[in-house]
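**Student:**
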Amino acid sequence: MSIPQAFDINASTTSAQDRACRGGRAGCKILPIAGDTPATTTAFSLVELLVVITIIIILAGLILSTMGYVRKKGARARAETEIAAMSAACESYKADNGIYPRDTTNNTTDNLAALTDPNYAGKTPPDPLPTSYDPTVTAYSFASFYLYGQLSGNTNGDRSTQSQKAYFSFKPNMLSPSGGTGTVTAIRDPFGNSYGYSTAQQANSSNGFNPTFDLWSTAGTPNATDAAYEKAWIKNW
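For the sequence shown, position 222 (counting from the first letter as 1) is numbered 384 according to this note's numbering, and the numbering increases by one without interruption.
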């Protein structure tokens with residue numbers, strides 16, 4: 163028997179064991195075979211990495227856009243609920259007082275009109291004020307503060323003093339400033355702006371939408387001057 167024959171027998175046995183291990187037998191160590199390299203057995207190629215990164219970016223974009231839509235839809239649903247609740251409180255107020263909340267002293271609720279007259283510039287003075295598309299103007303905050311005082315009974319805005327009967331309990335996140343502290347300046351909609359409240363039609367039958375009162379949220383529309391955005395408002399008419 164020659165020495166090369168002995169090596170042939172061992173090589174054959176090793177090859178058989180290696181094939182068994184590669185078949186998945188537990189407890190054995192897999193040995194590399196000729197041609198195996200780390201690059202071809204464990205690493206990702208550059209193209210594969212780019213594909214994975216692209217997929218992650220696309221999925222992240224879809225998630226973010228969906229979250230924004232859900233938040234906006236939730237804010238609209240909340241505004242609809244709040245408008246309905248405040249409208250019901252106004253009905254209770256009228257049942258006791260014979261009139262809907264209306265500022266006849268400073269006319270804040272008469273001066274803010276949900277309907278902007280396209281011919282207002284030709285009137286002397288302009289009436290109603292052409293501010294109904296912009297919830298950041300003082301006409302909005304003045305009118306909604308009056309509504310707050312009449313429905314909450316806290317007419318001075320200090321959040322604690324009750325000077326008259328309360329018809330509605332406002333949550334802290336419904337008021338400006340938010341956070342539950344500070345003197346109230348307005349009723350705040352879910353989009354961070356003041357609600358609009360108007361009794362303009364009671365003052366002038368050609369203004370406003372309802373003969374009782376108009377209550378609305380501009381729903382965070384981005385343009386303060388374009389009447390087209392009024393279609394996105396959340397309102398009681």
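Every residue gets a Cβ at the ideal spot worked out from N, C-alpha and C, and that includes glycine.
Does the Cβ-Cβ distance between Ala-301 and Leu-337 come in under 8 Å?
**Tutor:** For the 8 Å CB-CB criterion, Ala-301 and Leu-337 do not form a contact.
**Student:** What alpha helix (DSSP H) runs, 4 residues minimum, are completely inside the segment 221–300?
**Tutor:** 270–273
**Student:** Could you check where the beta strand (DSSP E) with Ser-360 kicks off and where it finishes?
**Tutor:** For Ser-360, the uninterrupted beta strand (DSSP E) run begins and ends at 358–360, by DSSP.
**Student:** Answer yes or no: do Ser-294 and Gly-358 have a C-beta to C-beta separation smaller than 8 Å?
**Tutor:** yes
**Student:** If Asp-272 and Ala-365 are in contact, beta carbons under 8 Å, what's the gap, nearest whole angstrom?
**Tutor:** 4 Å
**Student:** Given 8 Å as the limit, is there contact between the segment 230–239 and the segment 317–331, that is, 3 or more CB pairs closer than that?
**Tutor:** no
**Student:** Do Asn-372 and Trp-399 count as a contact pair if the criterion is CB distance below 8 Å?
**Tutor:** yes
**Student:** Out of Ser-331, Ile-349, Ser-254, which one is the CA nearest neighbour of Ala-305?
**Tutor:** Ile-349
**Student:** Are there 16 or more other CB atoms within 10 angstroms of the CB of Ala-390, so buried, or fewer, so exposed?
**Tutor:** Looking at its Cβ environment, which holds fewer than 16 other Cβ atoms inside 10 Å, Ala-390 is exposed.
**Student:** Taking Pro-384 as the reference, give the member of Gly-342, Asp-376, Lys-393 with the closest Cα.
**Tutor:** Lys-393
**Student:** Just verifying my parser: in three-state terms, what is the DSSP assignment at Ala-348?
**Tutor:** strand
**Student:** What is the DSSP secondary structure of Lys-397, reduced to helix, strand or coil?
**Tutor:** strand
**Student:** Output the distance between the C-alpha atoms of Ala-247 and Thr-216, rounded to the nearest integer angstrom.
**Tutor:** 47 Å
**Student:** Once you ignore the five residues that flank Trp-395 on each side, which residues in its own chain have a CB closer than 8 Å to its CB?
**Tutor:** Trp-378, Ser-379, Thr-380, Ala-381, Thr-383
**Student:** Which partner residues does Asp-376 have in the DSSP bridge list?
**Tutor:** Looking at the DSSP assignment, Asp-376 forms a beta bridge with Ser-360.
**Student:** State yes or no: is the beta carbon of Gly-341 nearer than 8 Å to at least one beta carbon in chain B?
**Tutor:** Any reference to chain B falls outside this structure, which holds one protein chain only.
**Student:** Output yes or no for whether 8 Å exceeds the beta carbon distance between Phe-332 and Gly-319.
**Tutor:** When the beta-carbon positions are compared, Phe-332 and Gly-319 stay at least 8 Å from each other.
**Student:** Would you identify the three-state DSSP class for Ser-325, choosing helix, strand or coil?
**Tutor:** Here Ser-325 carries a coil assignment [DSSP, helix/strand/coil].
**Student:** Tell me whether Leu-313 sits in a helix, a strand or coil according to DSSP, three-state version.
**Tutor:** Helix, per DSSP.
**Student:** Let's test the definition: count the other Cβ atoms within 10 Å of the Cβ of Phe-206 and tell me whether it reaches 16, buried, or not, exposed.
**Tutor:** exposed
**Student:** Would you mind working out which of Ser-314, Val-214, Val-213 sits nearest Tyr-255, comparing C-alpha positions?
**Tutor:** Ser-314
**Student:** Is DSSP giving Ser-367 helix, strand or coil here?
**Tutor:** coil
**Student:** Do you know how far the Cα of Leu-224 is from the Cα of Ser-174?
**Tutor:** Confidence at Ser-174 is low in this model, with a pLDDT of 49, below 50, so its placement is unreliable and the value that follows should be read with caution. So the alpha carbons of these two residues sit roughly 57 Å apart.
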